[in-house]
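With positions in the sequence shown counted from 1, the corresponding number in the working numbering is that position plus 10. Heads up, the beta-carbon is just placed ideally off N, CA and C, and yes, glycines get one too. Encoded as structure tokens, the structure appears first; notes follow it.
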Amino acid sequence: MITVIVPICLLVFLLLCKKVPLVGGKIWPSLGVASICALVMGGIYNPIKWISAWLYGIDTIAWVLFLTVFGSIYAQTQIQLGTMDTVFSCFKAKFGERPRILVCCILLTLVIAGALLGGGTASIAIVGVLMIPSLVQLGLDPTKVCATLVMGGAIGSLMPPVSQAIFLSSSLIHTEVDLANQYCYFTVGSAFIVECIYVSFCFIDKNAKIVDYDENGNIIPPRKVKDILIERWWTLIPFLFLLVLVILRTVKIIDIVPLVFNQISIGGVPFMTAISKIFFIKGFTNVTNLILVLSTLVAYIFPIVRKTKFECIVVGVKNSVSMMIVLFFSALMVGAFTYGGQIEIVKDFAMGLDLHVLKFGGMAAMVIMGMLTGTQSTPNNAIFSFFGPALLQAGILPGKAAAAGAQFAAAGQGMPPADTCTFFTAGLVGSVLNAEVNPVRSMLLATPVWLWVVFTGMILLYV
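What follows is the structure, encoded as structure tokens:
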């Protein structure tokens, strides 16, 4: 087990000790150094084999790499269309005088944005920033505004169809993301209900009301939902198109996407079959990727998106670069742990463990790692790359294992003291309101929801 423990401890040390030159506190350099350590301790000294391990890892998570880019491009088309603005305007028009229902609608808007963008920080930066004044009018202090935005955006980032945490945990145990999604719709959905109840009754004054003013300080009369939809219904079409495709696939009525793409043939062979065996490129055939591609094409039907030409694509690719770098080095770690034999060692070790010890020990390790590093990718890469295969070896269904792993990683990230999403949001709220925001207190306020996420993850491992 020493060959397993040392690389993980090295990774944790490099991530937490920011004074280490060049790599300290930086995710992708730390992943790289820990991966090389794993290879060397596994008896792999030839750099050519290191490259082979890296290529194996890249091929393994290729679909996640494609998904990161396509998801980011799709998100830019939705921003250009103003989809989330339409959704929230309807909620505000309907429930502006019912503060507890309205804050639930704000959370729902953030969850939808997070589920489309795949990242809590992105959904808060794009959608959440628009809701800060409304939350203040509902009586929330800046720290509670921060906590509310983080809970909505981060839970949304864990919600299918686009969730980096689920994509990564699924790829680490070589299982279809749809298998994990079918559980996360319910478990993460229950977390959304819990956060709505929690925020509504613990943060909101039931007598608060939202009033909008124009630039002259005059009250803007509330609009009717019907009027908003008559004016902006078209902004919802690409989102509804994506939603319909996902629902049809999830409930197994009809899988339209392969039917559409297989109308294209390469050398007489259906498109998806032709490229499904090609190194790296085969990641494109993941159905979630193809759904995002089709939804993006639908968005380009509208002049407001089309007139930008390639701007949505360029901005989407730029926004995905930082995550892509982390994923490429995550691929190195996946390959290193496979070629170095660490995964097999953990599988064998897990066979001798009591099943309850395995489940609770793995959960605790992932949550603590997430708390210490403030990310979900690190506990997934460092812990779930071993914990996941061990769960499969113990008889846990792949979909349940992947869903639970994603939830443990995300929950750990959200709890004190190092959540990067909360620190970002605290800065955003502070700059908008010109007020001091306590990020650690904000993390503490959000902790009850994350404990529920851990609880539902454990339920998946026992039911």
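Collapsing the DSSP output to three states places Val121 in a helix. Burial is judged here by how many other beta carbons sit within 10 angstroms of a residue's own beta carbon; Trp244 has fewer than 16 and is exposed. Around the C-beta of Ser332, fewer than 16 other C-beta atoms lie within 10 Å, and the residue is accordingly described as exposed.
In terms of Cβ geometry, Leu41 and Ser340 form a close pair [threshold 8 Å]. The criterion of a C-beta distance shorter than 8 Å is not satisfied by Leu117 and Phe101.
Counting only the Cα atoms, Leu239 lies some 50 Å from Gly345. In the structure shown, the three-state DSSP call for Pro31 is coil.
Going by beta carbons, Leu182 and Gly350 fall outside the 8 Å limit.
Burial check for Arg259: the Cβ neighbour count within 10 Å reaches 16 or more, so the residue is buried.
The beta strand (DSSP E) runs lying completely inside the region 11-59 and spanning 3 residues or more number zero. Every unbroken stretch of the alpha helix (DSSP H) spanning 4 or more residues and falling wholly within the region 276-302 is given here in chain order: 281-285. Counting only runs that start and end inside the region 124-192, the alpha helix (DSSP H) elements of at least 4 residues fall at 130-133, 139-147, 152-168, 174-182.
Under the 10 Å beta carbon count, Pro171 is surrounded by 16 or more other beta carbons and is classified as buried. About 19 Å separates the Cβ atoms of Leu455 and Lys216, ruling out a contact at the 8 Å cut-off.
In the three-state scheme derived from DSSP, where H, G and I count as helix and E and B as strand, Pro427 is classed as coil.
With contacts defined by Cβ atoms closer than 8 Å, Met379 and Ala392 form a contacting pair. In the three-state DSSP reduction, Lys236 falls in the helix class (H, G or I). When the five nearest sequence neighbours on each side are left out, the beta carbons in the same chain lying within less than 6 Å of the beta carbon of Met161 are those of Glu205, Ala456, Val459, in order along the chain. Only exposed fits Val279, as fewer than 16 other CB atoms lie within 10 angstroms of its CB.
By the CB criterion at 8 Å, Gly166 and Gly124 fall inside the cutoff.
A straight line joining the alpha-carbon of Leu145 with that of Pro17 spans about 44 Å. Residue burial annotation: Ser275 is exposed, with fewer than 16 other C-beta atoms found within 10 angstroms of its C-beta. Under the three-state reduction of DSSP output, Arg108 falls in the coil class, being neither helix nor strand. When only Cα atoms are considered, Met381 and Val450 end up about 12 Å apart.
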